[in-house]
Amino acid sequence: MIKEEIRPPKPKKIAKELSIHGDTRIDNYFWLNERENPEVVKYLEEENSYNDRMMAHTKQFQENLFEEMKSRIKEDDSSVPYKSNGYWYYVRYEVGKGYPIYARKKETLEAKEEILFNCNEMAEGHSYFKLSGISVSPDNRLVSFGIDTVSRRKYTIQIKNLETGEILPTKIETTTGGSTWANDNKTLFYTRKDEETLRSDKVYQHILGENPDDDILVYHEEDETFNTYVYKSKSKQYIIIGSSSTMSDEYRILDADKPRGQFQLFQERVRGVEYGFSHFEDRFYIITNKDGAQNFKLMKTSVDKTTSEHWEEVIPHREEVLLEDMDIFKNYLVLSERYNGLNRIRIMSWDNQEDYYLPFDNETYTAYTGNNPDFDTNILRYGYNSLTTPASVIDFNMETKESEVKKEQQVQDPNFHKENYLSERIWATAEDGTQIPISLVYKKGIQRDGSNPVLQYAYGSYGHTTDPSFSTSRLSLLDRGFIFAIAHVRGGEYLGRNWYEDGKMLTKKNTFTDFIDCSKYLIEQKYTSAKHLYAMGGSAGGMLMGGILNMAPQLYNGVIAAVPFVDVVTTMLDDSIPLTTGEYDEWGNPNEKEYYEYMKSYSPYDNVVAQEYPHILVTTGFHDSQVQYWEPAKWVAKLRELKTDHHKLLLHTNMDAGHGGASGRFEALKEVAEDYAFILDLEGISN
12 MIKEEIRPPK PKKIAKELSI HGDTRIDNYF WLNERENPEV VKYLEEENSY
62 NDRMMAHTKQ FQENLFEEMK SRIKEDDSSV PYKSNGYWYY VRYEVGKGYP
112 IYARKKETLE AKEEILFNCN EMAEGHSYFK LSGISVSPDN RLVSFGIDTV
162 SRRKYTIQIK NLETGEILPT KIETTTGGST WANDNKTLFY TRKDEETLRS
212 DKVYQHILGE NPDDDILVYH EEDETFNTYV YKSKSKQYII IGSSSTMSDE
262 YRILDADKPR GQFQLFQERV RGVEYGFSHF EDRFYIITNK DGAQNFKLMK
312 TSVDKTTSEH WEEVIPHREE VLLEDMDIFK NYLVLSERYN GLNRIRIMSW
362 DNQEDYYLPF DNETYTAYTG NNPDFDTNIL RYGYNSLTTP ASVIDFNMET
412 KESEVKKEQQ VQDPNFHKEN YLSERIWATA EDGTQIPISL VYKKGIQRDG
462 SNPVLQYAYG SYGHTTDPSF STSRLSLLDR GFIFAIAHVR GGEYLGRNWY
512 EDGKMLTKKN TFTDFIDCSK YLIEQKYTSA KHLYAMGGSA GGMLMGGILN
562 MAPQLYNGVI AAVPFVDVVT TMLDDSIPLT TGEYDEWGNP NEKEYYEYMK
612 SYSPYDNVVA QEYPHILVTT GFHDSQVQYW EPAKWVAKLR ELKTDHHKLL
662 LHTNMDAGHG GASGRFEALK EVAEDYAFIL DLEGISN
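With the numbering used here applied, the sequence shown corresponds to residues 12 to 698, in that order.
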């Protein structure tokens, strides 16, 4: 019997000329951006069918991987309760259920449980469900919340009466999901999104019981490169409207006891100056990069003199330390810092009697301050985990220096012992001589003989740092002989603000070449070989995957690009697409010739050429609001047309989801199982 050849879909070509700066690009697949066009949907479904047929032999393996990863999760899990305004709040899960249950208990953990939201019931009948922005009124009687059932990140805000359990008829559409109560328990501030661009641009005031159509516009952010948002200070004394771009911040404040008052400007925006602040007694404490403090410094000012000429230095700028965040308590100031790539938590008492760091002892860990809403406490809650150590939630007494581990993540696998795994940090040399850190984790006993499969991951944009953290699902790779590597490439902030500046705008290519140089180093040091090296990244990290595929395809056996931002030039020239204008400070504005030419020189879609590419799996969501589905769809079509090899090229579009993939804790694992099955299959591993 002759085996039927499975042929990939062949989308039609309609040449579209795109001209600017005297340069013309021909885009044969531009038509795929017609979301409502039945032919577009048909093509995506054909690609899904092709993917299913090409991966059919792994279906049982995917099921097994899914069950294996699911079995490691404690199904009846719950978070560590935290105290806020007289109630203990926590999130719990039930066996077999994919969504969380939000609950609270009054004053003591022995009190009767009150369920705020059972998302399992709320999600019924929806293929996608996300609850966001839970905000309890100061008198604890009402809670506002946002719901998204499409995955476009357009939330509808509703209000629930916690005394009666009734959800009020009020529905506020097209918001960010978050909202903030004034201290009168009846005034709610929230942010609306532009219907087309999805930019959060307007802050409104809603009065309980009134028609949302009559809500008062209190702030409109007209600059298209800024997004706006509203929140309450930890001290509960101020409602704060923030407006931020990549490069600048601006805030307005209002006494939370006087919601009908006028918001006052804190400090007007200055291009290149970022700042954020916390309130304590009669002062505001400000983290800012003002005066060239690239890694940020801490300043303070009195509550009645907030403009920058009144700011006084508390902790000066340090070349080697990135100041990331602060938590303010009645007796202590806690700073989150990053030094040589590693998290540090610094604790200082207001009376200047104490100033010390929490001790951490390896090079591949993640530590961060947790949920600390209580102002009048000496207990700091923080989180800790590493590539080999499951996540812990720890309560630290800043006065006595005693620690209590409130919870360590349970890995529901009798064969799991963290001592069986090793992690290390190594440094690759980039082509310009810069040392690039790589965090690695693998099972003990692995020999460096070039035969190990390696999955190399990176993101490398927006100053977002991929910290080396624990993953239960990753064990399915490690236990099958894989090494997992995080390349801390430029474009993130792992080694400080300069690390970010060196991987954006007109230095963006450093992100790609750093990743490639890390790959070469892993091969050179015999951790792996090109035959066994795999790369993975999502969103802007998916753009990184597209870049390395064009620049060094011979280094990889397989690449996974999730929701990849690959059609950089066309998207950045279309200011009607969600998020475009706010991205100019990250990638540059291609309406300016210099940025256009640089962007075009690395844009993955524009640089696909006739050459051999490795095996590629591309995933996307039809409702993605961050990277529109047509970018990966067009990219795959062009790769199919030009590539000269017979390697797999698969596109899987989740027709029900957006940028974050499937909702529900178990549905998301199915997508991980698909990714893992793809690379394990290429390694010849099938169980």
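Think of the CB as a built atom: it goes at the ideal place given N, C-alpha and C, for glycine as much as any other residue.
Problem set entry | Completely contained alpha helix (DSSP H) runs for the stretch 549 to 623, where each covers 4 or more residues | Restricting attention to alpha helix (DSSP H) runs no shorter than 4 residues, the stretch 549 to 623 encloses them at 551 to 562, 579 to 584, 595 to 598 and 604 to 613, ordered along the chain.
For this session: Hey, could you find the ends of the beta strand (DSSP E) residue 417 is sitting in?
Result: That run of the beta strand (DSSP E) goes 414 to 419.
For this session: Take residue 686 and list the residues in its own chain whose beta-carbon comes closer than 6 angstroms to its own, dropping the five residues that flank it on each side.
Result: Cβ within range, chain order: 571.
Problem set entry | residue 598 and residue 519 closer than 9 angstroms at C-beta | A contact, by the Cβ cut-off of 9 angstroms.
For this session: Would you tell me roughly how many angstroms separate the C-alpha atoms of residue 352 and residue 96, rounded to the nearest one?
Result: Residue 352 and residue 96 have their C-alpha atoms spaced approximately 36 angstroms apart.
Exercise. Closest by CA to residue 680, which one among 306, 76, 162 and 103?
Worked result: When only C-alpha atoms are compared, the closest one is 76.
Exercise. Relative to the alpha-carbon of residue 152, which residue among 324, 517 and 125 has its alpha-carbon at the smallest distance?
Worked result: Of the listed residues, the one whose Cα sits closest to residue 152 is 125.
Problem set entry | Complete alpha helix (DSSP H) runs within the stretch 434 to 510 (minimum length 4 residues, chain order) | Listed in chain order, the complete alpha helix (DSSP H) runs (minimum 4 residues) inside the stretch 434 to 510 are 486 to 489.
Problem set entry | Residue span of the beta strand (DSSP E) that contains residue 640, given as start and end | Where residue 640 is concerned, there is no enclosing beta strand (DSSP E), given that its DSSP letter is neither H nor E.
Problem set entry | Cβ separation of residue 464 and residue 539, assumed to be a contact under 8 angstroms, to the nearest whole Å | 7 angstroms between Cβ atoms; contact.
Exercise. Over what stretch of residues does the alpha helix (DSSP H) that includes residue 70 continue unbroken?
Worked result: Per DSSP, residue 70 belongs to the alpha helix (DSSP H) from 70 to 82.
Problem set entry | Proximity below 9 angstroms, CB of residue 498 to CB of residue 449 | The Cβ-Cβ distance between residue 498 and residue 449 falls below 9 angstroms.
For this session: Ignore the nearest five residues each way along the sequence and tell me which others in residue 534's own chain have a CB closer than 8 angstroms to its CB.
Result: So the list reads 461, 540, 541, 544 and 566, once near-sequence residues are dropped.
Exercise. Which residue's Cα is closest to the Cα of residue 458: 493, 46 and 180?
Worked result: A check of alpha carbon separations from residue 458 across 493, 46 and 180 identifies 493 as the nearest.
For this session: Could you tell me the distance, in whole angstroms, from the CA atom of residue 329 to the CA atom of residue 355?
Result: The alpha-carbon separation between residue 329 and residue 355 amounts to approximately 14 angstroms.
Problem set entry | Between the CA atoms of residue 363 and residue 413 - distance to the nearest angstrom | So the alpha carbons of these two residues sit roughly 20 angstroms apart.
Exercise. Taking contact to mean at least 3 C-beta pairs separated by less than 8 angstroms, is the stretch 548 to 560 in contact with the stretch 468 to 487?
Worked result: Using a C-beta cut-off of 8 angstroms, the stretch 548 to 560 makes contact with the stretch 468 to 487, since at least three inter-stretch Cβ pairs fall below that distance.
For this session: With a floor of 3 residues, list each beta strand (DSSP E) that falls wholly inside the stretch 330 to 375, ordered by position along the chain.
Result: Listed in chain order, they are 332 to 339, 343 to 350, 353 to 360 and 366 to 368.
Problem set entry | residue 383 beta carbon less than 9 angstroms from that of residue 424 | Taking 9 angstroms as the Cβ cut-off, residue 424 and residue 383 do not qualify as a contacting pair.
Exercise. For residue 527, which three-state DSSP category applies?
Worked result: Helix at residue 527.
Problem set entry | residue 408 - containing alpha helix (DSSP H), residue span | Taken as a continuous stretch (DSSP letters only), residue 408 belongs to no alpha helix (DSSP H), being part of the beta strand (DSSP E) at 403 to 408.
Problem set entry | C-alpha gap between residue 560 and residue 66, whole angstroms | When only Cα atoms are considered, residue 560 and residue 66 end up about 22 angstroms apart.
Exercise. Mapping DSSP to helix, strand and coil, what is residue 522?
Worked result: Helix, per DSSP.
Exercise. How big is the Cα-Cα spacing for residue 177 and residue 114?
Worked result: Rounded to the nearest whole angstrom, the CA to CA distance from residue 177 to residue 114 is 16 angstroms.
For this session: Less than 8 angstroms between the CB atoms is what I'm expecting for residue 133 and residue 487, so what's the real figure, rounded?
Result: Between residue 487 and residue 133 the Cβ distance is about 31 angstroms, and since that is not below 8 angstroms, they are no contact.
Exercise. Quick one: what's got a C-beta closer than 7 angstroms to residue 523's C-beta in the same chain, skipping five residues either side?
Worked result: So the qualifying residues of the chain are 555, 558, 559, 562 and 613.
Problem set entry | 3 or more residues per run - each beta strand (DSSP E) lying fully within the stretch 230 to 262 | Counting only runs of 3 or more, we get 238 to 243 and 249 to 255.
Exercise. Between residue 275 and residue 631, what straight-line distance do the alpha-carbon atoms span, to the nearest angstrom?
Worked result: Distance between residue 275 and residue 631, taken at the CA atoms: about 43 angstroms.
Problem set entry | Beta-carbon spacing of residue 359, residue 369 below 9 angstroms | The Cβ atoms of residue 359 and residue 369 do not sit closer than 9 angstroms to each other.
Exercise. Which residue comes first and which comes last in the beta strand (DSSP E) that contains residue 395?
Worked result: Counting along the chain, the beta strand (DSSP E) containing residue 395 begins and ends at 390 to 397.
Exercise. Can you check whether the CB of residue 577 is closer than 9 angstroms to the CB of residue 615?
Worked result: Yes, they are a contact pair.
Exercise. According to DSSP, which residues form a beta bridge with residue 89?
Worked result: Paired residue(s): 103.
Problem set entry | Member of 168, 651, 581 and 625 whose CA lies at the smallest distance from the CA of residue 38 | Comparing Cα-Cα distances from residue 38 to each of 168, 651, 581 and 625, the minimum goes to 581.
Exercise. Any chance the stretch 86 to 93 sits against the stretch 40 to 53, with 3 or more Cβ pairs inside 8 angstroms?
Worked result: No, the stretch 86 to 93 does not touch the stretch 40 to 53.
Exercise. Among all the DSSP beta bridges, which residues are the ones paired with residue 324?
Worked result: 310, per the DSSP bridge assignment.
Exercise. Apart from the five residues on each side of it in sequence, which residues of its chain come closer than 6 angstroms, Cβ to Cβ, to residue 12?
Worked result: In this predicted model, residue 12 has a pLDDT of only 44, less than 50, meaning its place in the structure is not dependable; the value taken from the coordinates is given anyway. Same-chain partners within the cutoff: there are none.
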